[in-house]
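The letter at position 194 of the sequence shown is residue 385 when you use the working numbering, and the numbering goes up by one with no holes.
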Amino acid sequence: SEHFATALYNLARLLKDKGIYFEAKPLYERAIVIWEDIHGPDHPKVSTGRKYLAKLLKALGKDDEAKRQYDIAIATQEKILDPNSPNYASDLLNLADLLREQGYYDKAKPHYEGALKLFEETLGPDHPKVAKALNDLASLLDLQGNYDQAKQLHERALRIRQEKLGPNHPDVAESLNNLAGLLQQQAKYDEAKPLYERAIEIWERVHGPNHPEVATGLNNLAGLLRNQRKCDEAMPLYERAIEIWEKVHGPNHP
């Protein structure tokens, strides 16, 4: 039933957030099958389910399976895009995220800009959904090497998230981590380091010390320290990140 599929999907999201990836995967797959049986393959719920399954598969190192899910989700999302839908801005953002994940940067950019404009017009300039669109567009601009514009958008997203969600929300950690990564690419190591440290602190507080997000933050901070030739400081961070990932994925993860 619809409610059963939604419960499976919600439990899968919860397990993913807790870093329990292998248990989340079959729940996503089962929810998608049920939604396809109820609604057909070209439904927003099916597309969203495939998007999150693809992200999970990518995190598990199953790149070929992830690409297949992304490609199906993109095709579905392009079919269902309807400017008259009340969910049009969210659908645009979803499509843009899918395109960016697959490296279609030029196709993704106008969808991000359209979603951002609609969110600002309908929800106001300081809504968390505006911050999400800003964060995602900034990440795209970062990938395209447009660092100055990306920095402005990351900083605005961070400000909104801190004000609306509180200083210890995981979305704040995401913005801190993304802004730190941008600064690191520009060799602004002293500016980036405290942002990475704050992101790790938030993730540890929210998720506990053995979550994949914590491992990602530790790995990023270790990379910055290595860039500064502080190898003795970087080494224990790399080791702790590996230890966390082995708990999540198993020691034979590619």
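Just so it is clear, CB atoms sit at the ideal spot from N, CA and C, and this is done for glycine as well.
- Going by DSSP, ALA406 is part of the alpha helix (DSSP H) stretching over 403-418.
- Under the 8 Å Cβ criterion, the stretch 231-250 counts as touching the stretch 267-277, having at least three qualifying pairs.
- About 4 Å separates the Cβ atoms of TYR303 and ALA287, confirming a contact at the 8 Å cut-off.
- Apart from sequence neighbours up to five positions away, the residues of its chain that approach GLN340 with a beta-carbon distance below 7 Å are LEU332, ordered along the chain.
- When secondary structure is reduced to three states using DSSP, GLY210 falls in the coil class, being assigned neither helix nor strand.
- Runs of the alpha helix (DSSP H) spanning 4 or more residues and lying entirely within the stretch 278-355 occur at 279-292, 296-314, 319-334, in chain order.
- Here the C-alpha atom of GLU227 lies approximately 18 Å from the C-alpha atom of ASP282.
- Assigned with DSSP and collapsed to three states, GLN377 falls in coil, not helix or strand.
- A direct Cα-to-Cα measurement between ARG291 and LYS249 gives close to 14 Å.
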